[in-house]
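Data first, discussion second: the structure below is written as structure tokens.
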Amino acid sequence: MEQKFGKNSIDIEALREYCEREGKEVTYRKGEQLEREGDPARWFGFVIEGCFKYITRGISDERDHLTWFSFEGEFVGDYATCLYGRPSQTTIKAMMPNRVLRVTGQQLEQFFDQNMETMKLRAVIGEHILSQYQARYLDFHRATARERYELLLQRCPGIVEDLDLQDIASFLNVTPKTISKIRKEITFSND
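The sequence shown runs 0 to 190 under numbering that gives the first Met the number 0.
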């Protein structure tokens, strides 16, 4: 569930510099979409300012489920699908006004094909994303709702200021009532 690329061990400076050099600065208003689930994924970018949430539609309940975030100083996009123009697995929506240095999936693929070093970077990013998803999956099996909430606060300090109760509940796969109860428990246990 680790969110911030900047707080891990992989060196993605070359990719950020590529987005700065080749990307177009694009602004998104709150609620605007970078990608829409089911449409061909086109974009990858570096978030200069703001944050995005990743949403997927439930199969049987047809409700929106929040699955991921991209914050300022991180990359945004449906990485695996934008490289090949396949249908996006999620809708990526601005949570507030955002500025992004955006490139196309095709540009990104050309960047990775430049040399052995950029090809290694492509593999490292893929492995990192896989490890993030694995950690999130394991958290759902090994941690209680309260422990998942506390892990979220540890990994993304200040996140509760950017998200409403419904978004946090959706991300942790619990009800808003459960989040309220957890917050009360934490508040009263710290007194």
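The beta carbon of each residue, even a glycine, is placed where N, CA and C say it ideally should be.
- In the same chain as E48, and ignoring 5 residues on each side of it, the C-beta atoms closer than 7 Å to its own belong to E71, N97, R98, in chain order.
- Inter-residue distance for P175 and I167 is about 8 Å (C-alpha atoms, whole angstroms).
- Secondary structure at L100: strand, using DSSP grouped into helix, strand and coil.
- Secondary structure note for S169: its alpha helix (DSSP H) is the uninterrupted segment 164 to 171.
- The beta carbon of I91 sits closer than 6 Å to the beta carbons of L33, E34, F51, Y53 from its chain, once the five residues preceding and following it are set aside; these are given in chain order.
- Beta-bridge partners of T90 (DSSP): I54.
- The straight-line gap separating the alpha-carbon atoms of L162 and V102 is approximately 27 Å.
- Look at I128 here: in three-state DSSP terms it is helix.
- Within the same chain, and ignoring the five residues on either side of N172 in sequence, the residues whose Cβ sits closer than 7 Å to its Cβ are F139.
- Between G157 and P86, the alpha-carbon positions lie close to 32 Å from each other.
- Looking at the DSSP output, P39 shares a beta bridge with P86.
- Check the Cα spacing between Y78 and each of M115, E160, A40: the tightest is with A40.
- E184 and V46 have their C-alpha atoms roughly 34 Å apart.
- Between M94 and K29, the CB-CB gap stays under 8 Å.
- Counting the other Cβ atoms within 10 Å of the Cβ of S169 gives 16 or more, which makes it buried.
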